[in-house]
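K.L.:
Protein chains in written order, with the working numbering: chain A, 1 to 330; chain B, 331 to 670; chain C, 671 to 1008.
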Amino acid sequence: MSTAPPRAPAGTATAGVRRAIAAGPVRVLVAVATMAILLVALVWDSEWRALRVVLTVLAIMVAPAVWDPQRRVIRPAVGVMLALILLALIGPLFTRDPLMLSAGESLVGPSSDLWFGTDQFGRDIFARAIHGARLDLGVGFSAAALAVVVGMPLGALAALRGGLFDSVLLRISESFQAFPTLLLALGIVAAVGPSIPILILIIAIVNVPVYMRLTRSAVAPIVNADFVLAARCAGQRELTILLRHILPNVKQVVLAQFSVNVAWAIQILAALSFVGLGVPVPTPEWGAMVREGYEQLVYGRWWISLFPGLAILVTVLTLNQLSDRVRHTP
Amino acid sequence: MSAPDGLAAAAPGPADLGASDRAEVPVLDVLDLTVGFGPAAKRRSIPLQGIHLQVAASERMALVGESGSGKSLTAAAVLGLLPYGAEVIRGSIRLDGEELIGASERRLRELRGGRMAIMFQNPRASLNPVLTVGGQIAEVIRVHGDAGRKESWTQAVDLLSEMGIPDAGRRAKDYVHQYSGGMAQRAALAMALSCRPDLLIADEPTTGLDATLQQQVLELVVEQVGSRNASLLLITHDIAVARSHCERTTVMYAGRVMESGPTSSVTGSPKNPYTGALLKAFVTVDQRRMYAIGGTVPTLVGELSECAFADRCPLAAAECRDGVPELRPIEDRHVACVKA
Amino acid sequence: MSTRAAPGGGPVVEVRELVKDYVTRDARLRQHIARAVDGVSFQIHAGETFAIVGESGSGKTTVGRVLLKLTSLTDGAVLFRGDEIHEIPERRFRPDRRHMQMVFQDPLAAFDPQTSIRSSLREFTRLRDTQSRAEENEAIAEAVRSVGLEPEIADRRPSQVSGGQLQRLSIARSLLPEPELLFLDEPTSSLDVSIRGQIVNLLLDLQDRNDLAYLLVAHDLRVVYAMAQRVAVMYLGQFVEVGSRDQVYANAVHPYTRGLLDAAELDEPPRHGDPVRLVGEISEEAAKKPGCRLTQRCPFAVERCEEPQPLRETEAGHLVRCWRAIEQPVEIGLPANE
Chain A
1 MSTAPPRAPA GTATAGVRRA IAAGPVRVLV AVATMAILLV ALVWDSEWRA LRVVLTVLAI
61 MVAPAVWDPQ RRVIRPAVGV MLALILLALI GPLFTRDPLM LSAGESLVGP SSDLWFGTDQ
121 FGRDIFARAI HGARLDLGVG FSAAALAVVV GMPLGALAAL RGGLFDSVLL RISESFQAFP
181 TLLLALGIVA AVGPSIPILI LIIAIVNVPV YMRLTRSAVA PIVNADFVLA ARCAGQRELT
241 ILLRHILPNV KQVVLAQFSV NVAWAIQILA ALSFVGLGVP VPTPEWGAMV REGYEQLVYG
301 RWWISLFPGL AILVTVLTLN QLSDRVRHTP
Chain B
331 MSAPDGLAAA APGPADLGAS DRAEVPVLDV LDLTVGFGPA AKRRSIPLQG IHLQVAASER
391 MALVGESGSG KSLTAAAVLG LLPYGAEVIR GSIRLDGEEL IGASERRLRE LRGGRMAIMF
451 QNPRASLNPV LTVGGQIAEV IRVHGDAGRK ESWTQAVDLL SEMGIPDAGR RAKDYVHQYS
511 GGMAQRAALA MALSCRPDLL IADEPTTGLD ATLQQQVLEL VVEQVGSRNA SLLLITHDIA
571 VARSHCERTT VMYAGRVMES GPTSSVTGSP KNPYTGALLK AFVTVDQRRM YAIGGTVPTL
631 VGELSECAFA DRCPLAAAEC RDGVPELRPI EDRHVACVKA
Chain C
671 MSTRAAPGGG PVVEVRELVK DYVTRDARLR QHIARAVDGV SFQIHAGETF AIVGESGSGK
731 TTVGRVLLKL TSLTDGAVLF RGDEIHEIPE RRFRPDRRHM QMVFQDPLAA FDPQTSIRSS
791 LREFTRLRDT QSRAEENEAI AEAVRSVGLE PEIADRRPSQ VSGGQLQRLS IARSLLPEPE
851 LLFLDEPTSS LDVSIRGQIV NLLLDLQDRN DLAYLLVAHD LRVVYAMAQR VAVMYLGQFV
911 EVGSRDQVYA NAVHPYTRGL LDAAELDEPP RHGDPVRLVG EISEEAAKKP GCRLTQRCPF
971 AVERCEEPQP LRETEAGHLV RCWRAIEQPV EIGLPANE
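#1: Got a sec, what are the start and stop residues for the alpha helix (DSSP H) residue 126/A sits in?
#2: Hey, residue 550/B and residue 447/B: beta-carbon distance below 7 Å or not?
#3: Since residue 363/B and residue 421/B should fall inside the 8 Å C-beta cutoff, what is the C-beta to C-beta distance between them, to a whole number of angstroms?
#4: So with CB distances below 7 Å, who are the chain A contacts of residue 793/C?
#5: Buried or exposed: residue 904/C, going by 16 or more other Cβ atoms within 10 Å of its Cβ?
#6: For a minimum of 4 consecutive residues, which ranges assigned as the alpha helix (DSSP H) are wholly contained in the region 533 to 576 of chain B?
#7: Find the nearest neighbour of residue 367/B within the set 376/B, 485/B, 468/B, judged by alpha-carbon distance.
#8: Which two residues bound the contiguous beta strand (DSSP E) that contains residue 456/B?
#9: On the CB-based measure, 16 or more other CB atoms within 10 Å of its CB, does residue 937/C come out buried or exposed?
#10: DSSP state of residue 604/B, grouped into three classes?
#11: Return the chain-ordered list of same chain residues with a C-beta closer than 6 Å to the C-beta of residue 295/A, the five sequence neighbours on each side being excluded.
#12: For residue 212/A versus residue 154/A, is the C-beta distance shorter than 7 Å?
#13: Compute the distance between the beta-carbons of residue 489/B and residue 468/B, then report whether it is under 7 Å.
#14: Please report the distance separating the alpha-carbon of residue 605/B from that of residue 378/B.
#15: Please decide whether residue 540/B counts as near chain C, where near means a Cβ-Cβ distance under 7 Å.
#16: So with Cβ pairs under 7 Å, would you call residue 709/C a contact of chain B?
#17: Could you give the DSSP three-state label for residue 758/C: helix, strand or coil?
#18: Can you round the beta-carbon distance between residue 931/C and residue 919/C to whole angstroms, since I take them to be within the 8 Å contact cut?
#19: By a C-beta neighbour count over all protein chains shown, 10 Å radius and 16 as the cutoff for buried, is residue 849/C buried or exposed?
#20: How long is the line joining the alpha carbons of residue 585/B and residue 380/B, rounded to whole angstroms?
#21: Going along the region 679 to 698 of chain C in order, which residues come within less than 9 Å of chain B, judged by CB to CB distance?
#22: At which residue ranges does the region 377 to 462 of chain B contain complete alpha helix (DSSP H) runs of 4 or more residues, listed in the order of the chain?
#23: Are residue 539/B and residue 494/B closer than 7 Å when you measure CB to CB?
#24: Can you confirm whether residue 331/B, when its beta carbon is compared against all beta carbons of chain C, has any partner nearer than 7 Å?
#25: Just mark residue 68/A as buried or exposed, buried being the case when its beta carbon has 16 or more other beta carbons within 10 Å.
#26: So which residues of chain C does residue 618/B contact, with C-beta pairs closer than 7 Å?
#27: Starting from the C-beta of residue 561/B, find all residues in its chain whose C-beta is less than 8 Å away, skip the five residues before and the five after it, and write them out in chain order.
#28: Could you tell me the distance, in whole angstroms, from the CA atom of residue 315/A to the CA atom of residue 156/A?
#29: Can you tell me the Cα-Cα spacing of residue 168/A and residue 252/A, whole angstroms?
#30: List the residues of chain C whose Cβ lies closer than 8 Å to the Cβ of residue 512/B, in chain order.
#31: Going by DSSP, what residues sit across from residue 702/C in a beta bridge?
#32: Assuming residue 773/C and residue 894/C are in contact, meaning their beta carbons sit under 8 Å apart, how far apart are those beta carbons, in whole angstroms?
#33: Just the C-alpha distance for residue 437/B and residue 483/B, rounded to the nearest angstrom, thanks.
#34: Note the first and the last residue of the continuous beta strand (DSSP E) segment covering residue 720/C.
#35: Determine the chain C residues that contact residue 396/B at a beta-carbon separation under 8 Å, and present them in chain order.
#36: In three-state terms, what does DSSP make of residue 588/B?
Written as structure tokens, this is what we have:
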């Protein structure tokens, strides 16, 4: 099933393909060859195979977006982000087993053989960091996406309808936001118990009010714009107007928020894992790895916490940078 | 400020332009002012090309033009407030005989609000929303004079009352958002006149206002400028406004002066077809038809090699395309048109 | 109502005693009612332009929006070809929107900045019976040509064409559903002076060609003079003077109309009566008074003006809301009644 190439979704992906073709035959050849190799490699691995094949193909398709054709420069944030995503998707195929215990090799420092060293149980930190990327990015993106899917229509509806609906929704979102985000997440996890789907759900829930309010304030000035009135003159239905005219005009604001939000989600996940309420041991996750290593810091074994910590830092910075770019693109 | 190769150095320009019958130095003397956007190597546009403009003491001059004609940019150049990226390529701007191009920012700051003042289209933009109206005017009076706190406040209240604001003592303590549109424009005028300028530049001061209010505000500006013996440079897109409120009129199009002279003759018997077209566009000629100028208003003009209006002009002929028409004296005015 | 009752005969649209209140709530949730339109009546026939002039805040744009059912009304009726459109639920009314369209003041605001002009126009072809993409494109090309532009221009974005061209495209768009009534909301006031004449003449040509009824809302008295057969002068939600174009321009009676004409400095037509200078500016407080709303600005205001003023006919088809103008013309600088 994975041999049939998935149909390219509209938008950036097809635009990416068009740009790639425009970039010249040599580059297209290289891209196709890389894609083939990656596909074969992916088929060999077992977990979530179909989804990961699709995601990988998508990531490669948007790869030409790294190049800014107008200013003729590389967009570093896009490049780093794509590299991180590809690493998370296919990196695990090329590392050691992140769960393999090896008593003889515990607490070994970084070397040419073990790039990031090993932890107190002798597990390869490099392998764990790469596998952690899959989990952190996966949870981050899906939580942020879930929050957008719920928050954006709610916010747009609140702005469109106004009145009681708007007031009630606002009060609910305010009561959510009155709690510190992390505390709220902690409370829910403590009550329900941690598992990855639950974590995604919780991180999404605490972020829904953010999108709701953002969309609401972005939509409010557009609701009475002349072009919306014109669409009503054209006999368009409310829903069509919302989808065709209003939401496309606020997508940039929401998209800018999205990448910041992925970063937040990763931070929340890391923080939850750090206090022991995140992913169950021994699953590799960056926050959990930092916690496992911090006791070793006083003995001078810095590498256990440093590398996952660096991974969080780089990911969050890149996402923030990406959001900044989106916001300032005309 | 040296002329780049691309621009042929224009003729020195008529020195007596505008103030022919007055012996003294004009309050404002703009000669051959040329402004470009972007660095010389890759100049994107030349929005002002060889502008000549003279305003004599206690004279009211109207600067008329459509959007993109460069009328507001001319005012910005006079004030030393050109937008980022714009620079003066050549020409001179003199205020009471003092050269402003190349003057220090400090000197310009002294002159702005001292000898020349500006009044904008949106009065709320020139008044600070978090300070009381009277307080701001009093502050300007203190900065540019030696009045004390109490004295400057009294002067500010007097000024507001002169501008026709009823109950000025109480209204001076209000903020600008508590003023109606007409009142806010009166307060902006009080602010502009508070330092007794020699030259008031009014940039479309009534454009957002309704007709009845426009009339009131313009009459007030004319009256107040007159009683202070100041000069007025009124920037407007409405040649009818120029006709009823100013002694002299300069018509601009695509960054060039098209015609300049006494208002009565410029609007009474226009010599440049563009002035004529503009006048006709403001006057209904027939029942179910309005006078229309074909084509569109040019934007982002580069260096011209022909008359800017040639494409839309009803009188355009081959000689109109042979270079940019020079501004030459004809009877009591100056006209840039080979057909005049 | 999609069948046209008696084409040619009877008005296209009739407005009866229209009232529109805007209700707002302050921070303490107290209701504030602002009456934007207060008892306005008029009719527009096919091929005719009815103009409403007045300063901003007079409620003239609200009348147009109620007329097109873009906002609800508080009281009164809007009859389109004899049907009260405000009684039809929006869902059923949508296909009938093809009969009434609108041209906006600022064309740049009237087009969705995210889409091409073509896709904005395409939306309006859905109201007609076009079947295929090709038919849609043909209809669009024809509409764009009818406003004097090349069809290729529709492939650009709204920000890539000039204001005058975009206003032409906006007019083309409003004509795509083949309407009977156009609401022109200040169609020239955002345009350069040299472009205004082009747009006015285009609108006049299109009216002649398609027998369109126009509701023109404007404050530019030159545009109104060129376009309208009948003119209403509106002040704070009420008509203060209604009549044929010549009655209102050459024979203005109400002090407000005379003040507007005086301020507009038209070269023609010659007016009768002394010029009137209005003082002060429009204030919503005055709309709450039972009597004449102009008293604070009117040089002729006396005590009796504070009593309610009805619209009274001075001559055939010429209505005025001012007792002094009718009973004491000479005192307020008008020639004596014949």
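From the three backbone atoms N, C-alpha and C, an ideal C-beta is built for every residue, glycine too.
P.N.:
This is what the structure holds:
#1: From DSSP, the alpha helix (DSSP H) with residue 126/A extends over 125 to 161.
#2: Taking 7 Å as the Cβ cut-off, residue 550/B and residue 447/B do not qualify as a contacting pair.
#3: By a beta-carbon distance limit of 8 Å, residue 363/B contacts residue 421/B. Their separation comes to about 4 Å.
#4: Correct list: 231, 234, 236.
#5: Residue 904/C counts as buried, since no fewer than 16 other beta carbons sit within 10 angstroms of its beta carbon.
#6: Counting whole runs of 4 or more residues, the region 533 to 576 of chain B contains the alpha helix (DSSP H) stretches 541 to 557, 569 to 575.
#7: The option with the nearest alpha carbon to residue 367/B is 376/B.
#8: Counting along the chain, residue 456/B sits inside no beta strand (DSSP E); it lies in the alpha helix (DSSP H) bounded by residues 453 to 456.
#9: Exposed, since its Cβ has fewer than 16 Cβ neighbours within 10 Å.
#10: The answer is helix: DSSP assigns residue 604/B an H, G or I state.
#11: Excluding sequence neighbours, residue 295/A sits near nothing in its chain.
#12: In this structure, residue 154/A lies closer than 7 Å to residue 212/A by Cβ.
#13: No, the Cβ-Cβ distance between residue 489/B and residue 468/B is not below 7 Å.
#14: The straight-line gap separating the alpha-carbon atoms of residue 605/B and residue 378/B is approximately 18 Å.
#15: Output row for residue 540/B: interface = yes.
#16: It does not: the Cβ of residue 709/C has no partner Cβ on chain B nearer than 7 Å.
#17: For residue 758/C, the three-state secondary structure derived from DSSP is coil.
#18: Indeed they touch by this definition, with Cβ atoms about 7 Å apart.
#19: Buried, because 16 or more other Cβ atoms sit within 10 Å of the Cβ of residue 849/C.
#20: The alpha-carbon atoms of residue 585/B and residue 380/B are separated by roughly 8 Å.
#21: For the region 679 to 698 of chain C, the set of positions with a beta-carbon nearer than 9 Å to some beta-carbon of chain B is empty.
#22: Fully enclosed alpha helix (DSSP H) runs of no fewer than 4 residues occupy 401 to 409, 435 to 441, 453 to 456 of the region 377 to 462 of chain B, in order along the chain.
#23: Annotated as distal: residue 539/B and residue 494/B, with beta-carbon spacing of 7 Å or more.
#24: Because the pLDDT of residue 331/B is 39, which lies under 50, any placement of that residue in the model is unreliable, and the question is left without a value.
#25: Exposed: under 16 other Cβ atoms inside 10 Å.
#26: Taking the beta carbon of residue 618/B as reference, the chain C residues within 7 Å of it are 874, 896, listed in sequence order.
#27: Answer for residue 561/B: 357, 358, 385, 386, 387, 388, 389, 390, 391, 528, 529, 530, 555, listed in chain order.
#28: Their Cα atoms are separated by approximately 30 Å.
#29: C-alpha of residue 168/A to C-alpha of residue 252/A: approximately 27 Å in a straight line.
#30: In chain order: 950, 951.
#31: Paired residue(s): 694/C.
#32: Residue 773/C to residue 894/C, Cβ: 15 Å. No contact.
#33: Each residue's Cα considered, the two are about 26 Å apart.
#34: DSSP places residue 720/C in the uninterrupted beta strand (DSSP E) bounded by 719 to 723.
#35: Correct list: 862, 863, 864.
#36: The DSSP-derived three-state label of residue 588/B is strand.
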